[in-house]
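Chains as they are written, first to last, in this note's numbering: chain A, 1 to 269; chain B, 270 to 516. Ideal placement from N, C-alpha and C gives every residue a C-beta, glycine not left out.
Below, the structure is given as structure tokens:
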């Protein structure tokens, strides 16, 4: 009951709604990334977002507004590098990621004075989510879900076997581009909530948890979104009850759910 | 019989090393062609080129009367790639995999798919597996599911890339007899890549033998009498291949 009383506060309710929207987004997109062995793209884009936040602080622009386009641009760069350059996709992620974080550190060292603000983005603050960020998340979730429902079968074919999908006439380049763009926007929004260091956990853990239990692809997507929302609820509750950082509590809740699902899957065998 | 595939003077290079050299042939509706050749002969490259997955260095490919670059009737074509390309941990049910064959098709082509899936799975003797996880099936069952994914498109041209690799002989026989039935009863044109020249001769009526350039294209029976092939394989090898075919 005491926990429910917390939600009388506007900022807590906002945090819960924003966290849940983020959870649905990251949970569903994470399934596609994990299955296509692109799990670390979230980490790479989060590092770019860190550089973008530093640039925003330097220029006096609200960091979120500058990190959205820059992270999206980085996603395209990863895609193009992986496609055109003579190395694998994970190397492209590594390059873009390192450049992002190096850029952030250089800007921070040159500017001096906003280090406290910048480093608050390392671990995020879900409780400090603004209304404009919440509306952005809401719009992003609606657009992403419409995209995934409308292109469900081609997206499945692409995740299952990209070569065969191309031969089926699936617009592979278009779908890859939109998926990466949605991932980039999700990461840009998630950095504020859970921080640069923990974004990839939000994309990977719910998907990995669902993969332990699901019997088909549709169930995997639904379970990943469900587990991610549960992680946010449990994490926020633990954060408020024990005065712990929200982002880290959400990730730990997500990890415990993963262990739980792994044990169930193990016992089933 | 109408020509549904015309390959003319196709060249493809990888880092200036020719993978295909001046390959020309044409396939008529209802043909069953075995595409054979040694490792690195360009068999998979040719298939990918036909499917528009590999850019041509020179030459042209025409599908169902349309140039490949502007080809839009992909619903007429189905492809069964090599087995090792799948992520064996993918959480997909059999019916989800089969229905994914409809991805990229116009809405009209998807009508009645839910009924068709049951018919196809029954025909391939895997109806009882419909809701099982694809990854839990045996290799032979998985290949039949992937064949079902190709067949749900009701293709006029079915292209298979070494579909029976890693299957045991009994399952392989079954798979081949299903393909023969599809070719005879539904008049589906089949092009099947194989490195087993002897095996394919027992099912396909025609053989296209590739070794970067076209070595032989014609009826399997003509291949056995061909002087060119005798020179290529040597007396003994050709005798073995054609002897097996007789049985």
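Between residue 91 of chain A and residue 110 of chain A, the alpha-carbon positions lie close to 28 Å from each other. Within chain A, the residues 164, 167, 168 have their CB atoms less than 8 Å from the CB of residue 348 of chain B, given in chain order. Around the C-beta of residue 343 of chain B, 16 or more other C-beta atoms lie within 10 Å, and the residue is accordingly described as buried. The C-beta of residue 369 of chain B comes closer than 7 Å to at least one C-beta of chain A. Here residue 24 of chain A really is in contact with residue 141 of chain A; their C-beta atoms are around 6 Å apart, less than 8 Å. A check of alpha carbon separations from residue 127 of chain A across A/166, A/269, A/250, A/263 identifies A/250 as the nearest.
Looking from the CA of residue 148 of chain A, the closest CA among A/12, A/27, A/11 belongs to A/27. Residue 118 of chain A and residue 190 of chain A have their C-alpha atoms some 15 Å from each other.
Of the residues assessed, residue 78 of chain A falls on the buried side of the cut-off, its CB having 16 or more other CB atoms within 10 angstroms.
Under the DSSP assignment, residue 224 of chain A falls outside any beta strand (DSSP E), being part of the alpha helix (DSSP H) whose first and last residues are 217 to 242.
For residue 347 of chain B, the beta-bridge partners assigned by DSSP are B/427.
Shown here, residue 298 of chain B sits in coil according to DSSP, grouped into three states, outside any helix or strand.
Taking a Cβ-Cβ threshold of 7 Å, the residues of chain A close to residue 361 of chain B are 160, 216, 217, in chain order. For residue 372 of chain B, a Cβ of chain A is located within less than 7 Å of the residue's own Cβ. In the DSSP assignment, residue 486 of chain B falls within the unbroken beta strand (DSSP E) covering 482 to 488. Taking 7 Å as the cut-off between beta carbons, the residues of the segment 203 to 232 of chain A near chain B are 211, 214, 215, 216, 217, 220, in sequence order. According to the DSSP assignment, residue 128 of chain A belongs to no beta strand (DSSP E), since it is labelled neither H nor E. In this structure, the alpha-carbon of residue 152 of chain A lies about 40 Å from that of residue 105 of chain A. At a C-beta separation below 8 Å, residue 366 of chain B has these neighbours in chain A: 160. Below the 7 Å Cβ cutoff, chain A contributes 215 as neighbours of residue 402 of chain B, in chain order. Residues of chain B with a Cβ closer than 8 Å to the Cβ of residue 156 of chain A are, in chain order, 361, 365, 369, 372.
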